[in-house]
Amino acid sequence: MKRGAFQRGLSLFWWLMLAFLYLPLAVIVFYSFNSANSAAYFAGFSLRWYERLLNNDQLLDALSNSLTLGIASSIIALIVGTLIGYGMYRHRSRKLGWLIVLIYLPIVMPDIVFGISDMAFFITLDREFGILGPSLMTMIIAHVTFQIPFVALIVYSRFVGLDPTLFEAAKDLYASPFQRARHFLLPTLKPSLIAAFFLSFTLSIDDFVISFFTAGPENATLPIYIWGAIRRGVSPEINAIATLMIGAVVIAAVFSLLFNRRGHAGS
Amino acid sequence: MTASATPTDAAQPTEIDNASVRDASAITLRNLHKRFSGDAIALDGVDLEIRAGEFFTLLGPSGCGKTTLLRLLAGLEAPNEGSLTIGGKDVTETPPHLRSVNTVFQSYALFPHLSVHDNIAFGLRMKGIPAAERERRVQEIADFIKLGSLLERRVNQLSGGQRQRIALARALVCEPDVLLLDEPLSALDAGLRTQLQVELQRTQKRLGMTFVFVTHDQDEAMVMSDRIAVLDSGIIQQVGPPHEVYERPINAFVARFMGHVNLFDIQGIHDVTVTTALGELAMEAPLQPGKHGGVMLIRQEVIELGPTVSEGYNGLDGVVKERHYRGSRIEYRLEVNGQPLMATASNLGQRLYAVGDRIKVSIHPEDVVRIEA
């Protein structure tokens with residue numbers, strides 16, 4: 001039947017798309033277990049590249065920088081972004097359209113523009129006032145700037161999905177402003193906050209461009225280390241790092257998705 | 268409270284409080300004005316006394332200001348002018364969480380992150396009621412509202428009727444001076460609605476609590492209320508017990524809103540004879556001096572239909588244009604002197620008239636009433 005053929009065609013297209021998206025990743029993962037020194041052939045299963053990683057101090061430093069940067073920036077972005085998201089919701093009836101656009105804009109701004117601007121900004125501050133020279137601190141600030149819009153939007157969309165009379169019900173049931181935050185806003189937001197944290201963390205771990213422009217000489221993150229290592233020639237070790245990063249990002253993204261979904265299912 | 272206080276000791280003062288409150292007026296509204304941004308006027312000078320222990324209904328079409336009035340009582344809106352007293356205390360400036368008032372919201376507004384039990388306990392917890400007493404009171408209200416088996420459920424697993432009950436329990440458990448209900452039955456289907464109307468009324472009588480109920484449904488208002496205030500354009504048109512508002516509406520708006528009426532512009536009145544498009548009809552009493560014009564009101568159910576005109580009645584000739592059979596009653600749309608006239612007859616097994624039948628219409632002079640336009 002014609003319709004059957006069409007359905008089969010659609011499903012074939014789906015599998016092709018998946019292959020297109022994930023085949024390069026699969027190749028990296030596959031070769032990370034290759035015992036040979038080159039990616040030209042597969043010599044047999046081995047964990048030697050993973051072992052090498054554990055003894056590579058530079059790489060472990062980069063990993064620790066990435067994690068510190070990711071966690072610190074995500075926590076700050078979570079606090080600031082949540083407050084912005086709540087503010088956007090509370091004052092949504094006012095004509096704040098252009099202000100809201102300012103929050104969206106960084107999401108579509110090219111990273112390279114952000115990175116260069118951040119660098120120029122920090123260099124100026126350093127020159128004029130002697131503060132904020134390239135360091136982990138400048139990287140955290142730069143990461144927070146691109147994480148905030150995502151957190152604010154997740155929090156805002158959670159609030160918009162809520163019955164607005166819930167806010168009034170909390171007041172009506174004797175909750176003081178502090179109690180409303182503690183017993184209504186935070187518990188209601190919790191799944192969205194966890195989702196926003198994991199998304200921020202994923203974005204931070206993933207980022208190369210902005211980190212590259214704002215990092216000090218001591219603060220190479222994992223992507224910066226990999227970039228440097230590749231310039232010296234592709235080592236199978238890179239495959240192993242990439243595989244670990246894929247795993248970490250997938251886990252964080254799945255957490256983000258699960259919690260965001262749970263948050264919206266409740267309303 | 269001292270450590271030696273027993274539950275009975277604790278219970279007694281509240282009983283006395285309730286009794287003393289009941290003597291006083293529960294709610295006094297003085298000259299309340301509320302304007303929203305732009306020139307929308309929601310309330311335009313409302314004066315009202317609501318007695319303690321009363322089932323009081325704010326009735327009106329959408330946009331009449333009834334919900335705004337309820338929100339002012341809850342403290343969710345602040346008036347632009349006027350004052351508001353609840354239980355003898357001026358609460359005009361008091362924020363909602365410090366008022367002894369609870370609301371059953373139209374959407375129920377149950378917290379999705381909490382179980383049924385925790386939803387009901389929320390107000391008590393915020394007030395700082397100790398856990399043991401909180402548990403006792405939640406159990407008590409759960410038995411009272413008959414939702415014991417639902418306590419551990421999440422609220423998104425419940426039906427509309429169950430949510431309504433829980434919203435009611437969550438407000439009642441706080442034992443407020445006044446319970447506010449914002450169209451709490453409007454989302455339910457007709458059968459459940461009728462059942463819950465009766466249940467709500469019973470609950471109110473058993474607790475002796477002051478209920479202020481908002482609805483746009485005049486049947487609902489009449490079934491449940493001790494007194495009704497009919498609102499239009501932010502102004503209270505009439506306040507009174509259901510039978511008074513229904514039978515003696517003060518003006519054409521109230522009459523039309525309560526329903527089942529025929530209204531005709533008055534063209535002239537001489538002594539006890541009133542002239543309208545329907546013809547000349549006799550009234551019971553002459554018009555009070557100083558009043559003229561207005562509208563003639565004839566309720567649909569006072570009109571008698573038959574082959575002859577009854578003794579002492581106004582008689583008119585009519586033709587049946589439409590018949591609506593409703594089981595317990597039959598509605599006829601008649602044409603009298605070229606004017607439409609609605610008549611409702613109780614179904615007592617009498618003969619049904621068919622469309623096109625010519626009949627005599629009898630209206631007692633007592634039932635011909637002049638009201639303000």
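Same order as they appear, the protein sequences are chains A and B. For the first sequence, our numbering gives the first residue as 1, with consecutive numbering after it. For the second sequence, our numbering gives the first residue as 268, with consecutive numbering after it. Beta carbons: idealized from backbone N, C-alpha and C, even for Gly.
With a beta-carbon spacing of about 19 angstroms, H527(B) and T461(B) fall beyond the 8 angstroms limit used to define contacts.
Its chain contains P223 as the residues whose beta carbon lies nearer than 6 angstroms to that of F208(A), once the 5 sequence neighbours on both sides are disregarded; these appear in chain order. R158(A) and R261(A) have their C-alpha atoms roughly 10 angstroms apart. For P363(B), the neighbours in chain A by C-beta distance under 7 angstroms run, in chain order, K171, D172.
Not one beta carbon of chain B lies nearer than 8 angstroms to the beta carbon of T138(A).
Using a Cβ-Cβ cut-off of 8 angstroms, L343(B) counts as an interface residue toward chain A, since at least one Cβ of chain A sits closer than that to its own. For L21(A), the nearest beta carbon of chain B is not closer than 8 angstroms to its own beta carbon. Between the alpha carbons of G133(A) and G305(B) lies a gap of roughly 52 angstroms. Burial is judged here by how many other beta carbons sit within 10 angstroms of a residue's own beta carbon; A43(A) has fewer than 16 and is exposed. Contact between the region 43-57 of chain A and the region 120-133 of chain A is absent: fewer than three C-beta pairs spanning the two stretches fall below 8 angstroms. Closer than 8 angstroms to the CB of A293(B) there is not a single CB belonging to chain A. With a threshold of 16 other beta carbon atoms within 10 Å, E487(B) meets it and is buried.
In the DSSP annotation of this structure, I131(A) is not part of any beta strand (DSSP E), being labelled neither H nor E. Residues of chain B with a Cβ closer than 7 angstroms to the Cβ of D118(A) do not exist; the shortest Cβ-Cβ separation is about 38 angstroms. Interface annotation, M476(B): not in contact with chain A, CB-CB separation never under 8 angstroms. Under DSSP, V481(B) takes part in a beta bridge, and its partners are L325(B), D449(B). Bounds of the alpha helix (DSSP H) holding V383(B) are 383-394. In this structure H300(B) touches E348(B) by the C-beta definition: roughly 4 angstroms separates them, less than 8 angstroms. L21(A) is classed as exposed because its beta carbon has fewer than 16 other beta carbons within 10 Å across all chains shown. Among the residues facing chain A, A376(B) is included, as its CB has a counterpart in that chain under 8 angstroms away.
For the pair L69(A) and T202(A), the CB atoms are not nearer than the 8 angstroms cut-off. Taking C-beta separations shorter than 6 angstroms and ignoring five residues to either side along the sequence, the partners of S135(A) in its chain run G216, following chain order. According to the DSSP assignment, I565(B) belongs to the beta strand (DSSP E) that extends over 562-566.
Close to chain B, meaning a Cβ-Cβ distance shorter than 7 angstroms, are the following residues of the region 138-171 of chain A: D163, T165, L166, E168, A169, K171.
Sequence-ordered contacts of the region 509-527 of chain B with chain A are nonexistent [C-beta pairs closer than 8 angstroms]. Under the Cβ criterion (8 angstroms, minimum of three pairs), the region 571-578 of chain B does not count as touching the region 542-549 of chain B. Counting other Cβ atoms within 10 Å of its Cβ, I503(B) reaches 16 or more and is therefore classed as buried.
Residue contact check for G390(B) against chain A: a CB pair falls below 8 angstroms. In this structure E321(B) is buried. Its beta-carbon is surrounded by 16 or more other beta-carbon atoms within 10 angstroms.
Counting along the chain, V628(B) sits inside the beta strand (DSSP E) bounded by residues 625-630. If you look at G582(B), you'll find it isn't in any alpha helix (DSSP H); it sits in the beta strand (DSSP E) that goes 581-592. Cβ contact annotation for K171(A) (same chain, cutoff 8 angstroms, sequence separation greater than five): R180, in chain order.
Following the DSSP letters along the chain, one finds T221(A) in no beta strand (DSSP E), marked with neither H nor E. Taking 7 angstroms as the upper bound on Cβ-Cβ separation, chain B lies near residues T188 of the region 188-220 of chain A. In this chain, S426(B) is not harboured by any alpha helix (DSSP H), its DSSP state being neither H nor E.
Note that the C-beta distance between V445(B) and I353(B) is below 8 angstroms.
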